[in-house]
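Everything on this sheet refers to the single structure shown next.
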Amino acid sequence: MSVDHFHESDFEEEGTTYVEVPGDSASTEKSSEQKEETEDKKEEQEEEKKEDKKKEDSKSEHDDKYFVIQKGMACCDKGAKFPKFKVTSHQKHYWNDANGEADFLAVTEDDLTFNPPATPFGTCGVKNGNPCSYAPAGKWKKTYEKIKIMGKKPLTEISELMCTVGGKITVMKHGQQSQAGKGSVKKADPKEQRTYNPIMDFEEFKEEINGKEGEAW
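Per the numbering used here, the very first residue in the sequence shown carries number 309; after that it's consecutive.
And the structure:
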C-alpha cells in the first residue's frame with residue numbers, strides 16, 4: 309500500500325499517554341492574595357480620607373475661642389471708647405461662675421445694649437468726631453451655633469455687630485479668666501468646666517498651665 313500522506317497520530321506508540329500540564333496553582337494563589345491586600349489597602353485609605361474629611365468638617369472658626377460675658381468689653385472701629393456689654397436677653401446662664409454673679413452672664417446674639425447705653429463708643433469717626441449715635445443693624449453675627457441659651461446663640465471672641473451709622477463692633481475683651489492659678493486648675497472639675505466652656509479643651513489647658521496667677525480679660 310502506497311502512502312502519499314500521513315498524520316502524526318498514525319505513528320503514535322502504543323501505550324503512550326499525553327497529559328495536560330496544569331498552571332502553577334501556588335503562583336495563582338499568591339497573585340489572588342496580593343490582589344486582596346491591595347483592595348484592603350484601598351478601603352483603608354478611603355476610610356482614612358472619610359475620617360479626615362469628618363474632622364475637617366467638624367472644625368469651627370470658634371475653636372479655642374472664649375464665650376463672652378457681661379463684664380467683657382466691646383470695640384467699634386469708628387469709636388473712641390470701649391463699653392461693657394449689657395445682657396438683657398436673659399438672666400439665666402453664666403459662664404465660669406456658679407454663684408450667679410451678673411458680671412458672668414452669657415452675652416447672646418440679642419444683647420445689643422452696652423454700658424453706658426448713651427453714646428457707648430464716645431465719639432464717632434463717621435460723624436467727624438461728633439457723639440456716637442449707635443444704632444445696631446440687626447443681631448450679632450459670627451455667633452456660636454452649636455449651643456443656644458434660651459433659644460439664642462452665644463457670642464465668642466470673633467462675633468461681630470454692624471452699626472447703621474457705619475461702624476463695625478467687635479469683642480475687645482471676652483471678660484473671662486484667660487489664665488488660672490495652678491491651684492485653681494488642679495481643684496477644678498474638668499466635666500464641670502466643659503459645661504461652663506465646652507469650646508475649650510480643659511484637660512489640655514490643665515496640662516499646659518504654667519503656674520502663673522490669673523490675668524483677667
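In this text, a Cβ means the ideal position worked out from N, Cα and C, and glycines have one as well.
Between Asn423 and Lys394 the beta-carbon gap is near 5 Å, inside 8 Å, which marks them as a contact. By the Cβ criterion, the segment 430-446 is not in contact with the segment 399-412, since fewer than three pairs of Cβ atoms, one from each stretch, lie closer than 8 Å. When secondary structure is reduced to three states using DSSP, Thr396 falls in the coil class, being assigned neither helix nor strand.
Pro462 is bridged by DSSP to Thr416. An exposed status is given to Gly459, since fewer than 16 other beta-carbon atoms sit within 10 Å of its beta-carbon. Inter-residue distance for Pro462 and Glu341 is about 56 Å (C-alpha atoms, whole angstroms). Of all C-beta pairs linking the segment 471-485 to the segment 365-381, three or more are shorter than 8 Å, placing the two stretches in contact.
In the same chain as Cys384, and ignoring 5 residues on each side of it, the C-beta atoms closer than 6 Å to its own belong to Phe429, Gly475 and Ile477, in chain order.
The alpha-carbon separation between Ala414 and Glu354 amounts to approximately 42 Å.
With a cutoff of 8 Å on beta-carbon distance, Glu468 and Lys449 are scored as near each other. It is roughly 7 Å from the alpha-carbon of Ala388 to the alpha-carbon of Cys432. Following the DSSP letters along the chain, one finds Glu468 inside the beta strand (DSSP E) bounded by residues Glu468 to Met470.
Assigned with DSSP and collapsed to three states, Ala426 falls in coil, not helix or strand.
One thing to note: Lys392 has its Cβ within 8 Å of the Cβ of Gly380.
The secondary-structure analysis by DSSP pairs Ile457 across a beta bridge with Lys460.
With fewer than 16 other Cβ atoms from the protein chains shown falling within 10 Å of its own Cβ, Ala406 counts as exposed. Proximity to Phe390 across Glu417, Glu345, Val473 and Pro425 peaks at Pro425, based on C-alpha coordinates. The continuous stretches of beta strand (DSSP E) do not include Val473, and DSSP gives it neither H nor E. Going by beta carbons, Gln378 and Asp411 fall inside the 8 Å limit. Between Thr427 and Cys440 the beta-carbon gap is near 4 Å, inside 8 Å, which marks them as a contact.
When only Cα atoms are considered, Ala382 and Ala445 end up about 16 Å apart.
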